[in-house]
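*Asks:* There's a structure below that I have some questions on.
There are 2 protein chains.
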Amino acid sequence: MKKLNIAIIGLGNIGSYLYNFLNKNKLILSKKNNCIPNVLYVSAKNKNRKRNVKINKKKWLKNYLDATKKKDVDLIIELIGGAEGAAKKLVFNALKNKKHVVTANKALIAKYGDQLSRIAEQNSVNLEFEASVCGGVPIIRSLKEGLIANKIKKIYGIFNGTSNYILSSMEKENKNFKDVLNNAKKLGYAEANPISDLNGNDVSSKLKILTSLCFNSFLNNNIHVEGISNIDKEDIINANLLGYKIKLLGCSELINNKIYQRVHPTLIKKSSYVAGIEGVLNAVITEGDPVGQSIIQGEGAGPQATTSALVSDICSILRGNIKFPFSISSKERKKLKFEDISERLFSAYFRFDVIDKPGVLSDITKIFSQNKVSVKRLIQNPRKNKAISSIVIITHNSKDRYLGKILKTVSSKKYILKKPKLIRIDSN
Amino acid sequence: MKKLNIAIIGLGNIGSYLYNFLNKNKLILSKKNNCIPNVLYVSAKNKNRKRNVKINKKKWLKNYLDATKKKDVDLIIELIGGAEGAAKKLVFNALKNKKHVVTANKALIAKYGDQLSRIAEQNSVNLEFEASVCGGVPIIRSLKEGLIANKIKKIYGIFNGTSNYILSSMEKENKNFKDVLNNAKKLGYAEANPISDLNGNDVSSKLKILTSLCFNSFLNNNIHVEGISNIDKEDIINANLLGYKIKLLGCSELINNKIYQRVHPTLIKKSSYVAGIEGVLNAVITEGDPVGQSIIQGEGAGPQATTSALVSDICSILRGNIKFPFSISSKERKKLKFEDISERLFSAYFRFDVIDKPGVLSDITKIFSQNKVSVKRLIQNPRKNKAISSIVIITHNSKDRYLGKILKTVSSKKYILKKPKLIRIDSN
């Protein structure tokens, strides 16, 4: 039987789990793919770190870049992480030296994916990155293979387990962002430094990759990104009363021949499918022609789910299934113009915490009317024992830039006690 | 660029849609797969039937079996249907003559898949059948590729859109089975002869195929199959009051090293994911190690969804991605023993419509106790203006054969006015 020699670079939780998994499942994977996955080398920054894995000393490379030079290496699995530095060096050199690459590195692919796929294609090797988007959810393979017939008009969903866990917990436990975050860190659902999970950047990288695959376009940095750290429990309670949940959604869509790419907290109807996704789960919804709506849901992170994705990529290479990394050749990928969301229509939720005095409400509603945004619903809640009031406004569909202008104008008013909120509403 | 010559055999709604689709999308599919899908021949039983498709006369084969003999045919797409007759002849001959085969024929694959895959493997050609299970839901490709790393312990879901549409409509419209069925026929959601959709056979074929893929086993006919025609609106109302919905589920599972394969109406908690699947949608849930739970949902039938699946198979062949039809070679597939469900534990819903007279309730509960089935909940509803009563019993977990025995014993009693009901409850 044929054999494929593998080097695993990076042996954190995921690398170690993968190493053990490939060892244990060598036989069944060989049988399924008619080719033996043979882990020949490993490398990691700290060789002596305590790991739950036994590795023969002979397998350790002196320098991680040796993997890109050794003639007996066919496939390099990059598990270093980060868009720059060692990971970048490794993957560029690997592809240049005609090694297949499998990576879980969304930051790298979202930033350098276009260049990397060109090199992979020139050298007829695979560059696979299923594990970079939504962990164990086989969304990339589904877009490239299972749904290959379809012209995708919209892709959206929950692509970050940490932020979804925090929003779910805020609702369930009626707690504020910071309390829930601290607890999530203790429970291992948030990393020690969870910034990119919370500010939308993690979702942004994943969405850019998915967008390229859906629209056969190059990666595009025109993307609106907002995180969840501004959401507080009052917003979640208000949303609930109005029949919504708040979710951090990533969404790319084609509307009247314009593509919009956006990541932001969204009010979404409780009865919708996405509203039901709780905890650390990920879910991706696609709308394609001819298939209609498809949903794929599963575990989005962790060594187990990530290994499931990495192994699906490895098996694809074991079977010799050479594919364009972005589904279509770089020569055929399109330079599409993406639109800023400022001209896109949204209905929105506003919340203003104000001093409760005459004239405030009329001033705010005047600002709405000056910006030609019409109010669909207005709820004023006085706070107990305080001379302050919370005004919640739901608007009809309006251009995003007018919504932003209202937010800016009202923010500067003296009667405003707290940074006002603008959360877009999903119309699905 | 390479070219793959295709013959489409069968030009009903699906065949015609596929023909048009391949014509329109030839360029993009060629680019994505580095190979041109070239429809060279077609054949259909009735050449002169009115179709929404223009086909050059030269493409028509004199006899459909010519496709298996012509040297310039690489791939045959079988869209005749049925486990025997023309479809069987075509696919067996095609594979013997080293033609790739793509089929949407679940009955054929569920019956002859083992033999057919052996021939395909011997001749190094593909036999692909994504479209045979759940239409546009790419579940087969996901099991064979996206989730290849996983040991699947359970697969279940809603695999038949017609029966799900009928159960959903019975609930929404508070109507009985027959009324809803007639309406479904008018609306095109049920075929003129929908027997196999309603008696569970359609789900049974799909489940057998999925089970083989999950457990690396041969197709197995040890399967418990019940349809939905016994469900009436009282059952749906009762289920609703108890916090459940009734769904026709297919399920294969590994419990204590025993495999059970079953298709039957099931009471399932309203809050569960599956309970929320309404109308003609299909959904497949897998529980795998290491990935955990995955869900894939989408359109289960119709020319559009089926074409999406057929084209994914065609593209796999365009890319030269030769795979074992059942994920692993026939030599390695296992002859697993499947267990009858009689020894499996279920809690269950019983409904007895009885003459309302003294002693009936005590007689029924005595039968439960004689069979060592303990009652969790009992509701007796007298019917207005009638001397009859409906007794609903929810049991604790009991062996299926005892549940069946109770049904049989009570059925023969004189106080029984209508065939009693036994519906198993899902414990997820």
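Quick note, the sequences are listed as chains A and B, same order. Be aware that the first sequence starts at 1, since it is given in this note's numbering, and climbs by one per residue. Be aware that the second sequence starts at 1001, since it is given in this note's numbering, and climbs by one per residue. Where a beta carbon is used, it is the ideal one built from N, C-alpha and C, also for glycine.
Which chain B residues sit within Cβ distance under 7 Å of P138(A)?
*Replies:* Going along chain B in sequence order, the residues near P138(A) (Cβ under 7 Å) are S1142, G1146 and L1147.
*Asks:* When you compare the stretch 115 to 128 of chain A with the stretch 151 to 164 of chain A, are there three or more beta-carbon pairs, one atom per stretch, that lie closer than 8 Å?
*Replies:* no
*Asks:* From L4(A) to E191(A), what does the alpha carbon distance come to, in whole angstroms?
*Replies:* 34 Å
*Asks:* Report the residue from C1134(B), I1367(B), I1322(B) and Y1064(B) whose alpha carbon sits nearest the alpha carbon of V1280(B).
*Replies:* That would be C1134(B), whose Cα lies nearest to the Cα of V1280(B).
*Asks:* Can the beta-carbon of V102(A) be found closer than 9 Å to that of I314(A)?
*Replies:* yes
*Asks:* What are the uninterrupted segments assigned as alpha helix (DSSP H) that are 4 or more residues long and contained completely in the stretch 1358 to 1387 of chain B, given in chain order?
*Replies:* 1360 to 1370
*Asks:* Taking C-beta to C-beta, are S132(A) and K106(A) nearer than 9 Å?
*Replies:* yes
*Asks:* Taking the C-alpha atoms as reference points, what is the distance between S1342(B) and F1352(B)?
*Replies:* 22 Å
*Asks:* Please state whether DSSP places K144(A) in a helix, a strand or coil.
*Replies:* Reduced to three states, the DSSP call for K144(A) is helix.
*Asks:* Report all residues from its chain with a CB closer than 8 Å to the CB of F368(A); omit the five preceding and five following residues, and keep chain order.
*Replies:* S374, V375, I393, T395 and I406
*Asks:* I209(A) to W1060(B), Cα distance in whole Å?
*Replies:* 43 Å
*Asks:* Pairing CB atoms from the stretch 158 to 167 of chain A with CB atoms from the stretch 243 to 258 of chain A, are three or more of them under 8 Å?
*Replies:* Short answer: they touch.
*Asks:* What are the start and end residues of the beta strand (DSSP E) that includes I6(A)?
*Replies:* K2 to I9
*Asks:* In this structure, how does DSSP classify R1333(B) when only helix, strand and coil are distinguished?
*Replies:* coil
*Asks:* Quick one: which unbroken alpha helix (DSSP H) runs of 4-plus residues sit fully inside the stretch 1388 to 1420 of chain B? Chain order, please.
*Replies:* 1400 to 1411
*Asks:* Spell out the partners DSSP gives L127(A) in its beta bridges.
*Replies:* V101(A)
*Asks:* Could you check the C-alpha separation between G276(A) and N221(A) for me, to the nearest Å?
*Replies:* Taking C-alpha positions only, G276(A) is separated from N221(A) by approximately 30 Å.
*Asks:* Could you tell me the alpha carbon to alpha carbon distance between V360(A) and H224(A), rounded to whole angstroms?
*Replies:* Approximately 31 Å, taken between the alpha carbons.
*Asks:* Secondary structure at A1067(B), three-state DSSP: helix, strand or coil?
*Replies:* helix
*Asks:* Which residues in the same chain have their Cβ closer than 7 Å to the Cβ of R51(A), if we skip the five residues on either side of it in sequence?
*Replies:* Excluding positions up to five away in sequence, the list reads L11 and S16.
*Asks:* Could you pull the DSSP bridge partners for S217(A) from this structure?
*Replies:* K334(A)
*Asks:* Assign A1309(B) to one of two classes, buried (16 or more other C-beta atoms within 10 Å of its C-beta) or exposed (fewer than that).
*Replies:* buried
*Asks:* Of the choices Y1064(B), V1042(B), R1049(B) and N1046(B), whose alpha-carbon is the least far from that of N1056(B)?
*Replies:* Cα-wise, what sits closest to N1056(B) is V1042(B).
*Asks:* Check K50(A) in the structure and name its three-state DSSP category.
*Replies:* coil
*Asks:* On the DSSP bridge list, what partners appear for V42(A)?
*Replies:* I8(A) and W60(A)
*Asks:* Go through its chain and collect everything with a Cβ distance to K111(A)'s Cβ below 6 Å, but skip five positions before and after it.
*Replies:* In its chain, beyond the 5 residues on either side, A83 have a beta carbon closer than 6 Å to the beta carbon of K111(A).
*Asks:* Could you list which residues in chain A have their beta carbon closer than 8 Å to that of G1298(B), in chain order?
*Replies:* V291, G292, Q293, S294 and I295
*Asks:* Report buried or exposed for N1193(B), applying the criterion of at least 16 other Cβ atoms within 10 angstroms of its Cβ.
*Replies:* exposed
*Asks:* Report all residues from its chain with a CB closer than 6 Å to the CB of E287(A); omit the five preceding and five following residues, and keep chain order.
*Replies:* Around E287(A): K153, K154 and Q293.
*Asks:* Closer than 9 Å, Cβ to any Cβ of chain A: which residues of the stretch 1014 to 1045 of chain B, in chain order?
*Replies:* Y1017, F1021, N1025, I1028, L1029, K1031, K1032, N1033 and N1034
*Asks:* Roughly how many angstroms lie between the CA atoms of V1284(B) and I1295(B), to the nearest whole one?
*Replies:* 6 Å
*Asks:* If you compare alpha carbons, which of I317(A), G404(A) and L116(A) is closest to A348(A)?
*Replies:* Considering only I317(A), G404(A) and L116(A), the residue with the shortest C-alpha distance to A348(A) is G404(A).
*Asks:* How big is the Cα-Cα spacing for F324(A) and R333(A)?
*Replies:* 11 Å
*Asks:* Starting from S1204(B), find everything on chain A with Cβ-Cβ shorter than 9 Å and list it in chain order.
*Replies:* Here the premise fails: no neighbours, minimum Cβ distance about 24 Å.
*Asks:* So, using beta-carbon positions, are E299(A) and N282(A) closer together than 9 Å?
*Replies:* yes
*Asks:* Let's see if you can read the secondary structure: which residues bound the alpha helix (DSSP H) around C315(A)?
*Replies:* P303 to L318
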